[in-house]
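Heads up: the protein sequence lines correspond to chains A and B, in order.
Using my numbering, the letters of the first sequence correspond one by one to residues 1 to 112.
Using my numbering, the letters of the second sequence correspond one by one to residues 113 to 228.
Heads up, the beta-carbon is just placed ideally off N, CA and C, and yes, glycines get one too.
Everything numeric in this text was worked out from a predicted model, so none of it was measured.
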Amino acid sequence: SQQGEEDPQALSIQEGENATMNCSYKTSINNLQWYRQNSGRGLVHLILIRSNEREKHSGRLRVTLDTSKKSSSLLITASRAADTASYFCATESTGTASKLTFGTGTRLQVTL
Amino acid sequence: EAEVAQSPRYKITEKSQAVAFWCDPISGHATLYWYRQILGQGPELLVQFQDESVVDDSQLPKDRFSAERLKGVDSTLKIQPAELGDSAMYLCASSPRPGTGVETQYFGPGTRLLVL
């Protein structure tokens, strides 16, 4: 079963613009992670934010977490064509160490 | 850089046949996961191993799916008999032992299965 839902399901932007995608989840969590998946390939870990953190940065990525609303957002700044991929949030629920439950994903298309 | 290996990359089979997928995790990773990903959806956990022991197989259709990790290193996922609805990407991932402070999972390239 999918833990999270992501919004939007698909996003199309031009190179240089910022992309924001949102994730909502249902249970208490230890951490929330974001992964990227290029078409037909495996997933690549991008960033992890723990339940006691509210914001985290990594390069052009910015992640926020609001545990009261059970939601997270991923911002990609100054997008590039190479950022075209599907992005998934994944949650590690409390009491389920090392087990991730993935959301439905956002398909990002960055055009030149 | 160490990677998770999976084979085959693609498999086409007819329904009622048996198929098997193989995964070799990153060396030293104690935890191994098998996921199924239907096109357009997120991965869903089928089975999780800690060393050679199954930790979670609650979503594994046990009437037709089986998984093993006999020596706590590589793993095999089998489907017998395959059904049309099994067409999907099968992903393997690994992570270090819990408590090491590394909670991310490292994914292999996946096996794309098509059942005709």
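If I measure Cβ to Cβ from residue i and keep anything under 8 angstroms in the same chain, skipping five residues before and after, which residues do I get?
i, result
"Lys127 of chain B", "Pro193, Ala194, Glu195, Leu196, Val227, Leu228"
"Ala179 of chain B", "Trp146, Leu158, Val159, Phe161, Val166, Asp169, Leu172, Ser187, Thr188, Leu189, Lys190"
Taking buried to mean at least 16 other C-beta atoms within 10 Å of its own C-beta, is residue i buried or exposed?
i, result
"Leu120 of chain B", "Rather than Leu, the amino acid found at residue 120 of chain B in this sequence is Pro. Counting Cβ neighbours within 10 Å, Pro120 of chain B comes out exposed, since fewer than 16 surround it."
"Ile76 of chain A", "buried"
"Ala130 of chain B", "exposed"
"Leu151 of chain B", "exposed"
"Arg54 of chain A", "exposed"
Beta-carbon of residue i versus every beta-carbon of chain A: anything under 8 angstroms?
i, result
"Gly154 of chain B", "yes"
"Gly222 of chain B", "yes"
"Ser207 of chain B", "yes"
"Pro210 of chain B", "yes"
"Leu157 of chain B", "yes"
"Phe219 of chain B", "yes"
"Asp168 of chain B", "yes"
"Glu215 of chain B", "yes"
Residues in its own chain within less than 7 angstroms of residue i by CB, not counting five upstream and five downstream?
i, result
"Ile13 of chain A", "Ala19, Ser79, Val110"
"Ala85 of chain A", "Arg36, Gln37, Asn38, Leu108"
Pick helix, strand or coil for residue i, following the three-state DSSP scheme.
i, result
"Asp175 of chain B", "coil"
"Leu48 of chain A", "strand"
"Asp83 of chain A", "helix"
"Leu170 of chain A", "Nothing about residue 170 of chain A can be read from this structure; chain A reaches only from 1 to 112."
"Leu144 of chain B", "strand"
"Asp163 of chain B", "coil"
For a cutoff of 8 angstroms on Cβ pairs, would you count residue i as touching chain B?
i, result
"Gly59 of chain A", "no"
"Gly42 of chain A", "yes"
"Glu53 of chain A", "no"
"Ser98 of chain A", "yes"
"Glu92 of chain A", "yes"
"Gln14 of chain A", "no"
Please go through the same chain and pick out, in chain order, the residues whose beta-carbon is closer than 6 angstroms to the beta-carbon of residue i, but skip the five residues on each side of it.
i, result
"Thr94 of chain A", "Ser28, Asn30"
"Cys23 of chain A", "Gly4, Glu6, Ser72, Cys89, Gly103"
"Ser206 of chain B", "Val116, Pro137, Ile138, His141, Leu144, Tyr218"
"Pro155 of chain B", "Tyr147, Gln149, Leu203"
Task: Meets three-Cβ-pair contact criterion under 8 angstroms: the region 33 to 47 of chain A and the region 130 to 143 of chain B - done: Contact check between the region 33 to 47 of chain A and the region 130 to 143 of chain B: fewer than three CB pairs, one atom from each, fall below 8 angstroms, which does not count as touching.
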